[in-house]
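All letters in the sequence shown, in the order written, are residues 7 to 298 by the working numbering. Notes follow once the structure below has been shown.
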Amino acid sequence: MSNSDQAGTFILGDRNVNRLGYGAMQLAGKGVFGPPKDRDAAVAVLREAVEAGVNHIDTSDFYGPHVTNQIIREALHPYPDDLVIVTKIGAMRGADGSWNPAFSAEQLGQAVHDNLRNLDLDTLDVVNLRIMFDVHGPAEGSIEEPLTALAELQRKGLVRHIGLSNVTPAQVAEGKRIAKIVCVQNQYNLAHRQDDAMIDDLARDGIAYVPFFPLGGFSPLQSSTLSEVAQRLDATPMQVALAWLLRRAPNILLIPGTSSVAHLRENLAAAELQLSDAVMTELEGVAGIRSA
Ligand SMILES: NC(=O)c1ccc[n+]([C@@H]2O[C@H](COP(=O)([O-])OP(=O)(O)OC[C@H]3O[C@@H](n4cnc5c(N)ncnc54)[C@H](OP(=O)(O)O)[C@@H]3O)[C@@H](O)[C@H]2O)c1
């Protein structure tokens, strides 16, 4: 048993995955655009993750674009039988690196085929329909048209399971009426708690919740409480942030992103960190900075 196995497992779609997975977005170049500075290092991170017991990798063909999926294929193909690769569609990159909506049936079909080609797969395990942000977070509005188009791609056998990303509770409810939803991927971490109620609702339905920016994303979490707790537990603040998520709800699956083998090892070791009830209560204070 590797140390990451201590995170436990959860059924994602129809497969049991280690709750400590890996997010591949950091493997592309700066701004998630173009090739990484060190491609060999990116390949090494992926191989070490899988060797350490990671069997859930989050990606998209719009990372790079294409670059991250091509690195995953180079590092891991032919894929281990238990590996679940989750991708997302609904955006395309401009020549300047901009993120643009791509929700027509034709664009969604193209995105599925781009993922299949670059990952070298016949069927995608899980595809998240990723809704765009506005300045307040996920943008409200019906997701019926694009989700119906994705469900059609599922009926054609190109997609095994469907998830949603950047969605509001109303969109999750609408989505569940249109397709079987196996996961929701939204922004959530110790300091960013707007989905607290949604997580518990999804847990009751056996649907995975996959927080993106589990470490704070482009501005990693910083808090004196987090640092103090980490020091007391002989851990790092990032490990405490991940251990808190693992204890927060059984349906939370982690996909911390890193381009560094050292950070990967540190993050996977968070599975061994047990937080007491008292520490969980103490860490609630970090949520107070969420509107800062
Ligand atoms: N659905 C969506 O719209 C959406 C949006 C964003 C992300 N995602 C997915 O969510 C995954 C996770 O999000 P993320 O990678 O953006 O953010 P994250 O996991 O919260 O944080 C990644 C950042 O933290 C740094 N980091 C990682 N481990 C560290 C450690 N142990 N100590 C110090 N710094 C550390 C990374 O830099 P280093 O490379 O230097 O380690 C990187 O800058 C992504 O990989 C992607 O798959 C989805």
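Note that CB positions come from ideal geometry on N, CA and C, so glycine has one too.
- Task: Answer yes or no: do leucine 281 and arginine 238 have a C-beta to C-beta separation smaller than 8 angstroms?
- Result: Numbered from its first residue, the sequence shown carries residue 281 at position 275. Numbered from its first residue, the sequence shown carries residue 238 at position 232. Against a cut-off of 8 angstroms, the Cβ pair of arginine 238 and leucine 281 comes out as no contact.
- Message: With three or more beta-carbon pairs closer than 8 angstroms as the criterion, would you say the segment 268 to 278 touches the segment 235 to 250?
- Response: Inter-segment contact for the segment 268 to 278 and the segment 235 to 250 is present: three or more beta-carbon pairs are separated by less than 8 angstroms.
- Closest Cα partner of asparagine 106 within the set Val90, Val118, Asp140: Numbered from its first residue, the sequence shown carries residue 106 at position 100. Answer by Cα proximity: Asp140.
- Query: Would you report the Cα separation of alanine 47 and arginine 123, rounded to the nearest angstrom?
  - Reply: As a first step, residue 47 is located in the sequence shown; it is residue number 41 there, counting from the start. As a first step, residue 123 is located in the sequence shown; it is residue number 117 there, counting from the start. Whole-angstrom Cα-Cα distance: 23 angstroms.
- Item | Spatial distance of isoleucine 295 from threonine 287 (CA atoms) | Counting from one through the sequence shown, the residue named residue 295 turns up at place 289. Counting from one through the sequence shown, the residue named residue 287 turns up at place 281. The pLDDT assigned to isoleucine 295 is 46, lower than 50, so where the model puts this residue is not dependable; a value taken from the coordinates is nonetheless given after this. About 15 angstroms.
- Item | Inter-residue Cα distance where the pair is proline 144 and methionine 138 | Translated into the one-based positions of the sequence shown, residue 144 becomes position 138. Translated into the one-based positions of the sequence shown, residue 138 becomes position 132. Cα-Cα distance, rounded: 6 angstroms.
- Would you tell me roughly how many angstroms separate the C-alpha atoms of valine 73 and alanine 284, rounded to the nearest one? In the sequence shown, residue 73 corresponds to position 67, counting from 1. In the sequence shown, residue 284 corresponds to position 278, counting from 1. Taking the straight line from one Cα to the other gives about 44 angstroms.
- Message: Below 8 angstroms on the Cβ atoms is my contact criterion, and I expect valine 132 with valine 60 to pass it. Report the Cβ-Cβ distance as a whole number of Å.
- Response: Sequence index remark: in the sequence shown, residue 132 carries index 126 (1-based). Sequence index remark: in the sequence shown, residue 60 carries index 54 (1-based). At roughly 15 angstroms, the Cβ-Cβ gap does not stay under 8 angstroms, so valine 132 and valine 60 are not in contact.
- Query: Which stretch, first to last residue, makes up the beta strand (DSSP E) that contains valine 92?
  - Reply: One-based indexing of the sequence shown puts residue 92 at position 86. Per DSSP, valine 92 belongs to the beta strand (DSSP E) from 90 to 95.
- Cβ contact (3+ pairs, closer than 8 angstroms) linking the segment 213 to 220 and the segment 261 to 277: yes
- Message: Quick test of the definition: if touching needs 3 or more C-beta pairs under 8 angstroms, does the segment 174 to 187 touch the segment 223 to 234?
- Response: no
- Excluding sequence positions up to five away, which residues of its chain have a Cβ less than 6 angstroms from the Cβ of aspartate 88? As a first step, residue 88 is located in the sequence shown; it is residue number 82 there, counting from the start. Non-local C-beta neighbours of aspartate 88 in its own chain, meaning closer than 6 angstroms and more than five positions away in sequence, comprise Asn61, ordered along the chain.
- Item | Shell residues, 6 angstroms Cβ cut-off relative to heavy atoms of ligand 1 | Gly29, Ala30, Met31, Gln32, Asp64, Lys94, Arg136, Ser171, Asn172, Gln191, Phe218, Phe219, Pro220, Leu221, Gly222, Gly223, Pro226, Met244, Ile261, Pro262, Gly263, Thr264, Ser265, Ser266, His269, Glu272, Asn273
- Could you check if alanine 13 is buried or exposed, using at least 16 other CB atoms within 10 Å of its CB as the buried criterion? The count along the sequence shown starts at 1 and reaches residue 13 at position 7. Buried, by the Cβ-count rule.
- Query: Could you give the distance in angstroms between the alpha-carbon of leucine 33 and the alpha-carbon of aspartate 240?
  - Reply: Taking the first residue of the sequence shown as position 1, residue 33 is located at position 27. Taking the first residue of the sequence shown as position 1, residue 240 is located at position 234. Distance between the alpha carbons of leucine 33 and aspartate 240: 29 angstroms.
- Cβ neighbours of valine 165 in the same chain (closer than 6 angstroms, five flanking residues each side left out): As a position in the sequence shown, residue 165 is number 159, starting the count at 1. Once the five neighbours on either side are set aside, the close Cβ partners of valine 165 are Leu130, Val133, Leu159.
- Are the beta-carbon atoms belonging to alanine 108 and alanine 97 less than 8 angstroms from one another? Residue numbering aside, residue 108 sits at position 102 when the sequence shown is read from its first letter. Residue numbering aside, residue 97 sits at position 91 when the sequence shown is read from its first letter. Contact: yes.
- Under the rule that 16 or more other beta-carbon atoms within 10 Å means buried, what is proline 84, buried or exposed? In the sequence shown, residue 84 corresponds to position 78, counting from 1. So proline 84 counts as exposed.
- Item | Pick from Ala214, Arg99, Asn24, Arg45 that is closest to arginine 79, judged by C-alpha positions | Reading the sequence shown from its first residue, position 73 is the one you call residue 79. Comparing Cα-Cα distances from arginine 79 to each of Ala214, Arg99, Asn24, Arg45, the minimum goes to Arg45.
- Item | Cβ distance (whole Å) where glutamine 177 is taken to contact valine 216 below 8 angstroms | Start at 1 with the first residue of the sequence shown, and residue 177 comes out as number 171. Start at 1 with the first residue of the sequence shown, and residue 216 comes out as number 210. Not really, about 16 angstroms apart at Cβ, beyond 8 angstroms.
- leucine 260 (DSSP reduced to helix, strand or coil): The count along the sequence shown starts at 1 and reaches residue 260 at position 254. The answer is strand: DSSP assigns leucine 260 an E or B state.
- Query: Cα-Cα, which of Phe224, Val90, Ala214 is closest to threonine 65?
  - Reply: To locate residue 65, count along the sequence shown from 1; it is residue 59. Nearest C-alpha to threonine 65: Val90.
- Task: Hey, could you find the ends of the alpha helix (DSSP H) leucine 164 is sitting in?
- Result: Taking the sequence shown and counting its residues from 1, the one referred to as residue 164 is at position 158. Looking at the DSSP string, leucine 164 is not in any alpha helix (DSSP H), and its letter there is neither H nor E.
- Task: With DSSP collapsed to three states, give me the class of asparagine 134.
- Result: The residue given as residue 134 occupies position 128 in the sequence shown. If DSSP states are grouped into helix, strand and coil, asparagine 134 belongs with the strands.
- Message: Quick check on isoleucine 63: does DSSP put it in helix, strand or coil?
- Response: The count along the sequence shown starts at 1 and reaches residue 63 at position 57. Of the three classes helix, strand and coil, the one that applies to isoleucine 63 here is strand, per DSSP.
- Message: Looking at the secondary structure, which residues open and close the alpha helix (DSSP H) in which leucine 239 lies?
- Response: Taking the first residue of the sequence shown as 1, we reach residue 239 at position 233. Secondary structure note for leucine 239: it is in no alpha helix (DSSP H), with a DSSP letter that is neither H nor E.
- Message: Let's see if you can read the secondary structure: which residues bound the alpha helix (DSSP H) around glutamine 177?
- Response: In the sequence shown, counting from the first residue as 1, residue 177 sits at position 171. Start and end: 175 to 184.
- Message: Per the DSSP calculation, tyrosine 215 is bridged to which residue(s)?
- Response: Counting from 1 along the sequence shown, the entry for residue 215 is found at position 209. In DSSP, tyrosine 215 forms a bridge with Val190, Ile258.
- Query: Regarding proline 220 and ligand 3, is the C-beta to nearest heavy atom distance less than 7 angstroms?
  - Reply: No copy of ligand 3 occurs in the structure displayed; its ligands are ligand 1 alone.
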